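Structure record follows, encoded as structure tokens.
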Amino acid sequence: PGDGPVPGGFDNEIRSWVPLSLTHVEYPAGDWLGKTLAYISLSPLVILVSFGTLVIFRRDLHTITFLCGTLLSEAINFVLKHVIKEARPYKARDNFTEFGMPSSHSQLMWFVATYLAFFVIVRLHHGNSSCPWENLWKCTVIICWFLLAGTVSYSRVYLEYHTWAQVCWGALIGSLLACLWFCLTQFILTPLYPDVFR
1 PGDGPVPGGF DNEIRSWVPL SLTHVEYPAG DWLGKTLAYI SLSPLVILVS FGTLVIFRRD
61 LHTITFLCGT LLSEAINFVL KHVIKEARPY KARDNFTEFG MPSSHSQLMW FVATYLAFFV
121 IVRLHHGNSS CPWENLWKCT VIICWFLLAG TVSYSRVYLE YHTWAQVCWG ALIGSLLACL
181 WFCLTQFILT PLYPDVFR
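Counted from 1, the sequence shown has number 19 at position 19 by the UniProt record's numbering; the numbering is strictly sequential.
If you want it as structure tokens, here you go:
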């Protein structure tokens, strides 16, 4: 007994397991703040799923361009992690095979928040943009997105998945990439959109 094949057709042998860290989030037992931050740190996944849903159902070129910029930012993050090769904090090293610099959660959230801030300020304008309620609404949206980005970044440090330097560099890189991508979209790609529908 105990020497037969295990379920799934695998032999009884010691195998090393590699975690799929896409949604793997741990928090200290009994820590309500840690649990809350663990859920909040899943925001990037929710955003990417929302992007996919919007692209499928709306097929809006601005949304597609925004998604492409977000994916490009993630690709740049992947390259930077493998060039810099800075380890995560000690607690996370046993659970993750990925490097920690810069934080991909932080970079994605600050990319999205910065891009949306530009989008709300520059692209969402109506005939009477001096209306105080419209300006209040815009400010509220922008502040909420930056608060969410900051909270996700903080959660990565609190839960010991990243250092402060890793999340700060992620925030800086994400914000800079969002500025560049918005300028590219606004001044180069947007004028070409009418040609796409010809």
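We put the beta carbon where it would ideally sit given N, CA and C, even for glycine.
Given the structure is predicted, the values throughout are model-derived calculations rather than measurements.
- Looking from the CA of Trp181, the closest CA among Pro28, Leu45, Ala117 belongs to Ala117.
- Leaving aside the five residues that flank Val141 on each side, the residues in its chain whose CB is nearer than 8 Å to its CB run, in chain order, Leu116, Val120.
- In the three-state DSSP reduction, Tyr115 falls in the helix class (H, G or I).
- Judged by beta-carbon spacing, Thr65 lies within the 8 Å limit of Thr185, meaning their Cβ atoms are closer than that value.
- Here Leu80 has Met101, Pro102, Ile173 as same chain residues with Cβ atoms under 8 Å from its own Cβ, once five neighbours each way along the sequence are excluded.
- For Tyr193, the number of other beta carbons within 10 angstroms of its own is below 16, and it is reported as exposed.
- Residue environment: Arg59 is assigned as exposed (fewer than 16 neighbouring CB atoms within 10 Å of its CB, all protein chains considered).
- For Pro132, the enclosing alpha helix (DSSP H) starts and ends at 132–158.
- Residues of the same chain with a CB within less than 6 Å of the CB of Ser155, apart from the 5 flanking positions on each side, are Leu37, Ile40, Ser41 in chain order.
- With contacts defined as CB atoms closer than 8 Å, His105 and Pro44 qualify as a contacting pair.
- Note on geometry: alpha-carbon atoms of Phe78 and Leu148 lie some 22 Å from one another.
- Here DSSP, grouped into helix, strand and coil, assigns Thr163 to coil.
- Straight across, the Cα-Cα distance linking Pro28 with Asn135 is about 41 Å.
- In the displayed model, Pro102 falls within coil according to three-state DSSP, outside both helix and strand.
- Glu74: member of the alpha helix (DSSP H) spanning 61–84, first to last residue.
- Under the three-state reduction of DSSP output, Ser175 falls in the helix class.
- In the three-state scheme derived from DSSP, where H, G and I count as helix and E and B as strand, Gly30 is classed as coil.
- The residue from Ser175, Phe187, His162, Leu189 with its alpha-carbon nearest to that of Arg88 is His162.
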